[in-house]
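In our numbering, the protein residues as written are 2 to 169. For glycine and all other residues, C-beta sits at the position ideal for the given N, C-alpha and C. This structure is a prediction, so every number in the text was calculated from the model and none was measured. Shown next, in structure tokens, is the structure this report addresses.
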């Protein structure tokens with residue numbers, strides 16, 4: 002079964018009423034819509050009947066947990082970011098020192114990891130980013146552990162990275 006609420010949906014009741022029981026509900030609803038969906042999913046009693054799987058942790062990422070409170074408990078999420086690595090602990094310490102009190106989400110870590118990947122490629126190109134062929138060749142060879150975890154490209158330039166599963 003697939004349901005597609007429009008962006009900006011405030012009342013998910015009509016969609017929640019259509020859900021047929023299954024092993025789990027899988028969701029990819031971003032932004033405030035995701036928060037409303039998770040809250041209403043819990044309020045309508047589905048949370049007790051069928052686990053909610055949040056693709057890429059768009060509902061339970063960063064500051065959203067504070068908004069969801071108990072509605073988040075039990076949600077299972079897939080995410081390409083783990084906070085319990087030495088590289089991430091170093092990143093978190095630096096971020097908190099520079100931006101005290103600012104909330105952190107996996108998007109911030111993704112941006113930082115992107116910069117780490119580019120910096121590694123620049124090293125591989127001896128800093129010569131003007132030589133596009135040399136830079137792209139170096140980028141394809143990047144194989145590092147970023148704040149998000151291990152990163153490299155496969156033979157077809159697809160990103161190879163760890164995907165973590167977490168339960169709130």
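Practice prompt. Compare the C-beta of residue 133 against all C-beta atoms of chain D and say whether one is closer than 7 Å.
Written response: Here chain D cannot be found, since the structure has a single protein chain.
Fill in: Extent of the continuous beta strand (DSSP E) to which residue 167 belongs
Working through the chain shown from its first residue, we reach residue 167 at position 166. Counting along the chain, the beta strand (DSSP E) containing residue 167 begins and ends at 165-168.
Practice prompt. Spell out the partners DSSP gives residue 151 in its beta bridges.
Written response: Here residue 151 corresponds to residue number 150 of the chain shown, with the count starting at 1. DSSP lists 146 as partners of residue 151.
Worksheet item: Counting along the chain, where does the beta strand (DSSP E) carrying residue 54 start and finish?
Response: Counting from 1 along the chain shown, the entry for residue 54 is found at position 53. Its beta strand (DSSP E) spans residues 53-55.
Worksheet item: If you draw a straight line from the C-alpha of residue 17 to the C-alpha of residue 45, how long is it?
Response: By one-based count along the chain shown, residue 17 stands at place 16. By one-based count along the chain shown, residue 45 stands at place 44. C-alpha separation (whole angstroms): 7 Å.
Discussion item. Assuming the contact rule is C-beta atoms closer than 8 Å, residue 86 and residue 150 should be a hit. Round their C-beta distance to whole Å, please.
Written reply: Here residue 86 refers to the residue found at position 85 of the chain shown. Here residue 150 refers to the residue found at position 149 of the chain shown. Indeed they touch by this definition, with Cβ atoms about 6 Å apart.
Worksheet item: Count the other CB atoms within 10 Å of the CB of residue 4; is the residue buried (16 or more) or exposed (fewer)?
Response: By 1-based counting over the chain shown, the position of residue 4 is 3. Its Cβ having fewer than 16 others within 10 Å, residue 4 is exposed.
Item to complete: With a 10 Å radius around its C-beta and 16 neighbouring C-beta atoms as the bar for buried, classify residue 48 as buried or exposed.
Response: As a first step, residue 48 must be located in the chain shown, where it is residue number 47. Under this definition residue 48 is a buried residue.
Worksheet item: residue 32: buried (16+ other C-beta within 10 angstroms of its C-beta) or exposed?
Response: Here residue 32 refers to the residue found at position 31 when the chain shown is read from its first residue. Its Cβ having fewer than 16 others within 10 Å, residue 32 is exposed.
Fill in: Segments assigned alpha helix (DSSP H), at least 4 residues, entirely inside the stretch 47-86
47-50 and 65-69
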